[in-house]
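Quick note on numbering: our numbering labels position 58 of the sequence shown as 528, and the sequence is numbered without any gaps. Yeah, the Cβ is synthetic: ideal placement off N, Cα and C, and Gly gets one too. These numbers were taken from a predicted model, which means no experiment stands behind them. What follows is a short report on a single structure.
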Amino acid sequence: VMNTQIPVAAWYPIVKDDEESNINTKKEEHTKQETCYSHRISIKRIGELLAQWNFIPEFASKSYELQSNIPIKIVDNNELPSANGPVVLFAHGYLGSRFDLAHICEALAQDGFTCLSAEYPESLAASYERKEGLDRTVITNQLVEELTTWGMTNPTSFGIVGHSLGTGTALSAGDDSWARVCIAGFPRNFNNGLAPTVKSALYISSMNDGAVSPQRFGGVDAIPKEYTLLSEEAIPYNNKILPSKSMLLIDRPDGPNHISFLTDGVNNAMIDLLSPLLPIAKGLSIPVLDFDKYQLSRDSDATAQIVIPLVRQYLKEQMI
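Structure representation (structure tokens):
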């Protein structure tokens, strides 16, 4: 895109009978069995975006191997095999990464979805230089356009899942046929008193989110009337169809914080690298996006037990 290579992580179902033909004939030079993702955190990029610091050297970064939650086959190549079926895009948040919601992608791939997660310019991985005009909209539109080039000859439906800043991407991408999931977002009304005009959307938010606090927008009372409020205790919603416009608002003292929704490995990597810098950030009043809360809660896995079943059910009902 704009002469820049944008990393995109992809998860897709592999039919055993077709595994040899789909992978070995197209990717035999780079196929390998692994159970981890190569993840990078750039302190330089974090300093630039949170504190406008431009003096941190490029080498101030660290790479991690994140374990997957299920056995997977990682393919290092620029093409996807031919595949038909539902396609879900993933949009990470501010200073997020393309692996932030890998646990959801893995689950959806088991359900027959192809999941694609691009690295946006605000990513802490900093795999490429930011440039004027290269933004989320441009990257997302290009990704959708190139699906056919990659061999996605017959996507049967589209959906998109966004976290935090990525919820804006989720609301603006595609058309009315798309299913949307907004995690750590809120379906607030705009000046005209109307919520964003989308045909279907599932919101998942927590009152304990200190970065995108539902309380800031009015809490339960501010949820647009066209959205059905779901109950956390009722998950999974067996034998019940979820409304096309639904919201789960988790309201308990130990509820998820802003980054509890991310996969455990991503959060553990941030704790490993950034914990020593937390007192400095707080002393300088630099926003830490609930990183301080997560140091204490360590509740990614517990949050996933709520989020993943709900997202799987909603997208299967809306897209399959």
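{"Item": "Report the rounded CA-to-CA distance for ARG722 versus SER676, giving the unit in angstroms.", "Value": "8 Å"}
{"Item": "Tell me the rounded alpha-carbon separation between PHE560 and TYR590.", "Value": "11 Å"}
{"Item": "Please go through the same chain and pick out, in chain order, the residues whose beta-carbon is closer than 6 Å to the beta-carbon of LEU718, but skip the five residues on each side of it.", "Value": "ILE674 and LEU700"}
{"Item": "By how many angstroms is the C-alpha of VAL682 removed from the C-alpha of SER531?", "Value": "27 Å"}
{"Item": "DSSP beta-bridge partners for TYR590?", "Value": "Answer is none; TYR590 lacks a bridge partner."}
{"Item": "Keeping to the same chain, check which residues put their C-beta closer than 8 Å to that of GLU535; ignore five residues upstream and five downstream.", "Value": "CYS506, TYR507, SER508 and HIS509"}
{"Item": "Note down the Cα distance separating THR495 from ILE511, rounded to an integer number of angstroms.", "Value": "Only weak support exists for where THR495 lies, its pLDDT of 31 falling under 50; the value from the coordinates is given anyway. Using only the alpha carbons, I get a separation of about 34 Å."}
{"Item": "Count the other C-beta atoms from every protein chain shown that fall within 10 angstroms of the C-beta of PHE525, then say buried if there are 16 or more, exposed otherwise.", "Value": "exposed"}
{"Item": "Kindly indicate which residue of ASP679, SER647, ASN678 and ALA654 has the alpha-carbon position closest to the one of VAL668.", "Value": "SER647"}
{"Item": "Bridge partners for ALA649 per DSSP, in chain order?", "Value": "GLY629"}
{"Item": "For GLU616, which of helix, strand or coil comes out of DSSP?", "Value": "coil"}
{"Item": "Below 8 Å between beta carbons: does that hold for LEU744 and PHE761?", "Value": "yes"}
{"Item": "Apply the 10 Å Cβ neighbour rule to PRO726 and answer buried if 16 or more other Cβ atoms are within range, or exposed otherwise.", "Value": "buried"}
{"Item": "With respect to the alpha helix (DSSP H) encompassing LYS710, which residues constitute its N-terminal and C-terminal limits?", "Value": "Element bounds for LYS710: n/a, residue is neither H nor E."}
{"Item": "Between LEU635 and GLN522, what straight-line distance do the alpha-carbon atoms span, to the nearest angstrom?", "Value": "19 Å"}
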